[in-house]
Amino acid sequence: MSRRDSYGRATRWAVLAPPVVFLVALFVIPFLLIARISLSHSVRAQPPYAPQYEGGGVAGAWRLIGELDLENYATILSDDLYLSAFLTSLRIAGIATLLLLLIGYPMAYGMARARASLRPILLALMIVPFWTSFLIRIYAWIGILKADGLINQALLALGLIGAPLEILNTEAAIFIGVVYAYLPFMVLPIYAVLAAQDRALLEAAADLGAPPWLSFWLVTVPLSFPGVAAGCLLVFIPCVGEFVIPDLLGGSETLMIGRQLWSEFFGNRDWPTASAIAVLMVIVLIIPFLLLRRLESRGEEALR
Amino acid sequence: MRIAAVSKRFGPVAAVERVDLDIRDGEFLCLLGPSGCGKTTLLRMLAGFERPSGGRIFLDGRDITDEPPHRRPLNMMFQSYALFPHMSVAGNIAFGLKREGMPRAAIAKRVAEMLALVRLDAMAERRPHQLSGGQRQRVALARALAKHPRLLLLDEPMAALDRKLREETQIELKALQARLGLTFITVTHDQTEAMSMADRIAVMHGGRLAQLGAPHEVYERPATLAVARFIGDATVFEGAARAGAGRDDVSFAVDGAPLVLDIRATDRDAALARRRAVARPENIALFSRRPEGQPNLMQGRVAQILYRGEARLLIVDVHGVQVRVTQPNRAGAKEDVQTGSTVWLSIAPDALLLLPD
């Protein structure tokens, strides 16, 4: 008897139903609504887009679909403003992901190699900031980074600088905010992989003549790849669409797509354009996801 | 290799205490002992994974105590095998060769040799997780042998194999060691494994070296009670020794029983101070009727019979002492001893050993 048959069809559906219902109700349906709005036109009305479904059954629905078009996408793709906002977002997310990896990997490594009694404490410290609202923590950075903020006061007091540094409202401030806010999402998956690694593998590498740094490079690093990939995805994807951090810490000249979307939606009340941006963002973000998945499986092939 | 007064303490606990051991070139040495006796710690100190708290380790006259593991000209086979999961079988075997800076062509040749040696030629491109337990064990062996180490350390090499495979592998490993002329040091808690493979067995107990000798010496002439109890089966009589009639004769009065055993001791002066006499179960003769002219005759009642296939183990109650006796099972043998039967036991005076604790 195969494993498939050992559970009833009903049992299987009972197990699968909650996540399926959750995904359909909270992801698929909203996404379809967004997609439908993105194909509409902006109008001064309530709700602010047309065409609307005005009854008429199937024929009415067909008429509605016939009036939808891709005009918003054409506008966005032909407008340098949106394109550069997309590119800026990808660039900032890319650099931030790299910074997070450079800072997060050694942290995860240190945590995984720490004494067993110390590890739960280090993990708790990693999670403690989440007890405060994300928004408040980002606001707090304004106080630290502004012209008469903590950093500048400290540097001035030490006589290291003559005039306050301009950090707030620059791209540097965005990187600081992103690295600060997203660090646990990079550290935790890498930590999980490193902590589970068999220490005997490193002993085997040493026994076969590899000095510690080479064992790290040939054994620890390749085997931590799944954690690195997970961490990078967890950080990169939300970072591209990040709105709060660039809005609060970044300058007006740094146009990120999340901010652009916000201003289309709330500033211009242009729901269709905002929706089209959202749809494009989802498409753009699926690409690195698939790319990493491919790299992951090919990486394993190459290491054979 | 020479191990001189090596100790290892973990905090207040002494895992290994002042062990002296000379390992001969080309021998198969087995570190045997119950778990926690320090045998694995000793092996890990030889490999360089643990630093001794005291004592020195020499290889070919050179002190390697402070050498890191990657500079020691010896290799280890790990109990968990520790195969690199992200590398193929060939990649695993080539790992150590690449570290030596061996040219590619030579590496390929050596890897092929090693694969042939462990009969895994067809598996070169497989990943460890695609192999069976026995195949993985052979990859681990090939990887450890690839660098032609002076000395191969094997940590519980058979622990993960099932019984049948274990026996085959023991024979194979022993043959391989003899053919390659290498020195093997293996750690095991399985006395059968140690006795069938080793040239010499180092029995460890409580962090100390309890006895070092050939398998038959360790079994037939255990140095201490702990060794006798750990290796093979044994009946222990407690009592007091007195000088007997002859020059080597000892007469041993068993505590709490009207029983005096005649013992022939090799070193009578030392034997007289000892309070425990030990007998192996196969050295005790069993009779269903009272025999004539047998030494150390004892009457007892069969308390239990344990059937073991090729033999039976009988536990015979002799004045409260549980005496363990084995009887070979032969086809057609008449079965006249049962649980509850009265039987007579006899032990030759030179089959009784007076041992220190």
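As they're listed, the protein sequences go chains A and B.
Just remember that the working numbering sits 45 ahead of the position in the first sequence, which is counted from 1.
Just remember that the working numbering sits 790 ahead of the position in the second sequence, which is counted from 1.
Where a beta carbon is used, it is the ideal one built from N, C-alpha and C, also for glycine.
In this text the structure is predicted, and so the values were computed from the model without any measurement.
ask   = What did DSSP end up calling GLU1007/B once you bin it into helix, strand or coil?
value = The residue given as residue 1007/B occupies position 217 in the second sequence. Three-state result, GLU1007/B: helix.
task = For ARG799/B, I'd like the list of residues in its chain whose CB is within less than 8 Å of its CB, leaving aside the five on either flank, ordered along the chain.
result = As a position in the second sequence, residue 799/B is number 9, starting the count at 1. ALA805 and SER843, listed in sequence order.
query = Along chain A, which residues have their Cβ under 7 Å away from the Cβ of HIS860/B?
reply = Against the second sequence, residue 860/B aligns to sequence position 70. Those within 7 Å of HIS860/B in chain A are ALA251, GLY254, ALA255 and PRO256.
query = What residues from chain B crowd round LEU268/A, counting only those whose CB sits closer than 9 Å?
reply = Numbered from its first residue, the first sequence carries residue 268/A at position 223. In chain order: PHE874, PRO875 and HIS876.
request  = Could you run through the segment 876-898 of chain B and flag, in chain order, every residue whose CB is less than 8 Å away from some CB of chain A?
outcome  = Those would be HIS876, MET877, SER878, GLY881, PHE885, GLY886, ARG889 and GLU890, in chain order.
message = Please state the DSSP three-state secondary structure of THR976/B.
response = As a position in the second sequence, residue 976/B is number 186, starting the count at 1. In this structure, DSSP gives THR976/B an extended state, which the three-state scheme calls strand.
request  = Might you give, ordered along the chain, the residues of its own chain that have their beta carbon closer than 6 Å to the beta carbon of TRP316/A, omitting 5 neighbours on each side?
outcome  = Counting from one through the first sequence, the residue named residue 316/A turns up at place 271. Correct list, in chain order: ILE82, PRO93 and TYR94.
request  = Tell me, please, whether the CB atom of ARG338/A is closer than 8 Å to any CB atom in chain B?
outcome  = Within the first sequence, residue 338/A is the residue found at index 293, counting from 1. No, ARG338/A lies away from the interface with chain B (no Cβ there is under 8 Å from its Cβ).
Three-state secondary structure (DSSP) of THR142/A = Taking the first sequence and counting its residues from 1, the one referred to as residue 142/A is at position 97. Helix at THR142/A.
GLU116/A to LEU84/A span [Cα, whole Å] = Translated into positions along the first sequence, residue 116/A becomes position 71. Translated into positions along the first sequence, residue 84/A becomes position 39. Those two C-alpha atoms are separated by around 7 Å.
task = Ignore the nearest five residues each way along the sequence and tell me which others in PRO333/A's own chain have a CB closer than 8 Å to its CB.
result = The residue labelled residue 333/A in the question sits at position 288 within the first sequence. Excluding residues within five positions, the ones whose Cβ falls inside 8 Å are LEU278, PHE281 and ILE282.
Beta bridge counterpart(s) of TRP1134/B as assigned by DSSP = In the second sequence, the residue the question calls residue 1134/B occupies position 344. PHE1077/B and GLN1089/B, per the DSSP bridge assignment.
DSSP beta-bridge partners of ASN865/B = As a working mapping, residue 865/B is identified with position 75 in the second sequence. BP columns for ASN865/B point to LEU942/B.
key: Below-8 Å beta-carbon distance, GLU298/A vs any chain B residue   = Mapped onto the first sequence, residue 298/A falls at position 253. Taking CB atoms only, GLU298/A has no neighbour in chain B less than 8 Å away.
ask   = What span of residues does the beta strand (DSSP E) with LEU228/A cover, start to end?
value = Reading the first sequence from its first residue, position 183 is the one you call residue 228/A. Careful: LEU228/A lies outside any beta strand (DSSP E), inside the alpha helix (DSSP H) at 216-241.
request  = Could you round the C-beta distance between GLY1003/B and ARG990/B to whole angstroms and report it? I think they count as a contact, below 8 Å.
outcome  = Taking the first residue of the second sequence as 1, we reach residue 1003/B at position 213. Taking the first residue of the second sequence as 1, we reach residue 990/B at position 200. Confirmed, about 6 Å.
task = Could you check the C-alpha separation between GLY155/A and ALA237/A for me, to the nearest Å?
result = Counted from its first residue, the first sequence places residue 155/A at position 110. Counted from its first residue, the first sequence places residue 237/A at position 192. So the alpha carbons of these two residues sit roughly 12 Å apart.
ask   = Taking the alpha carbon of ASP853/B as the point to measure from, which residue in VAL796/B, GLY881/B, THR830/B and THR1116/B has its own alpha carbon closest?
value = Indexing the second sequence from 1 puts residue 853/B at position 63. Closest option to ASP853/B, Cα to Cα, is VAL796/B.
task = Pull out every residue of the segment 815-848 of chain B whose Cβ sits closer than 7 Å to any Cβ of chain A, in chain order.
result = ALA837 and PHE839
task = Could you please give the first and the last residue of the uninterrupted beta strand (DSSP E) stretch that includes LEU203/A?
result = Locating residue 203/A in the first sequence gives position 158, counting from the first residue. Here LEU203/A belongs to no beta strand (DSSP E), and DSSP marks it neither H nor E.
ask   = Cβ-heavy atom distance between GLN1128/B and the ligand FMN below 7 Å?
value = This structure lacks the ligand FMN; in fact it carries no ligand of any kind.
query = ARG108/A to ILE121/A, Cα distance in whole Å?
reply = In the first sequence, residue 108/A corresponds to position 63, counting from 1. In the first sequence, residue 121/A corresponds to position 76, counting from 1. Using only the alpha carbons, I get a separation of about 25 Å.
request  = Consult DSSP for ILE166/A and reduce its assignment to one of helix, strand or coil.
outcome  = Numbered from its first residue, the first sequence carries residue 166/A at position 121. The answer is helix: DSSP assigns ILE166/A an H, G or I state.
query = Are ARG917/B and THR1025/B close, meaning C-beta to C-beta below 8 Å?
reply = Here residue 917/B is taken as the residue at index 127 of the second sequence, counted from 1. Here residue 1025/B is taken as the residue at index 235 of the second sequence, counted from 1. The criterion of a C-beta distance shorter than 8 Å is not satisfied by ARG917/B and THR1025/B.
request  = Output the boundary residues of the alpha helix (DSSP H) element that contains PRO93/A.
outcome  = Stepping through the first sequence from its first residue, residue 93/A is reached at position 48. Run containing PRO93/A: none; DSSP gives neither H nor E here.
query = What are the start and end residues of the beta strand (DSSP E) that includes LYS798/B?
reply = The residue labelled residue 798/B in the question sits at position 8 within the second sequence. Counting along the chain, the beta strand (DSSP E) containing LYS798/B begins and ends at 792-800.
key: Contacts of ALA245/A in chain B (Cβ-Cβ under 7 Å)   = Locating residue 245/A in the first sequence gives position 200, where the first residue counts as 1. Correct list: PHE868, SER870 and ALA872.
query = Taking contact to mean at least 3 C-beta pairs separated by less than 8 Å, is the segment 992-1003 of chain B in contact with the segment 950-967 of chain B?
reply = no
key: Beta-carbon proximity list for ALA1093/B, same chain, < 8 Å, skipping 5 on both sides   = Here residue 1093/B corresponds to residue number 303 of the second sequence, with the count starting at 1. Only ILE1105, VAL1106, ASP1107, GLN1112 and THR1129 meet the Cβ criterion.
key: C-alpha gap between THR1014/B and ARG1065/B, whole angstroms   = Here residue 1014/B refers to the residue found at position 224 of the second sequence. Here residue 1065/B refers to the residue found at position 275 of the second sequence. In this structure, the CA atom of THR1014/B is about 12 Å from the CA atom of ARG1065/B.
query = Since VAL264/A meets chain B, which of its residues come closer than 7 Å, beta carbon to beta carbon?
reply = Start at 1 with the first residue of the first sequence, and residue 264/A comes out as number 219. Neighbours of VAL264/A in chain B, taken as residues whose beta carbon is under 7 Å from its own, are PHE874 in chain order.
query = Around the Cβ of THR1116/B, are there at least 16 other Cβ atoms within 10 angstroms (buried) or fewer (exposed)?
reply = On the second sequence, position 326 is the one that residue 1116/B refers to. By the 10 Å Cβ count, THR1116/B comes out buried.
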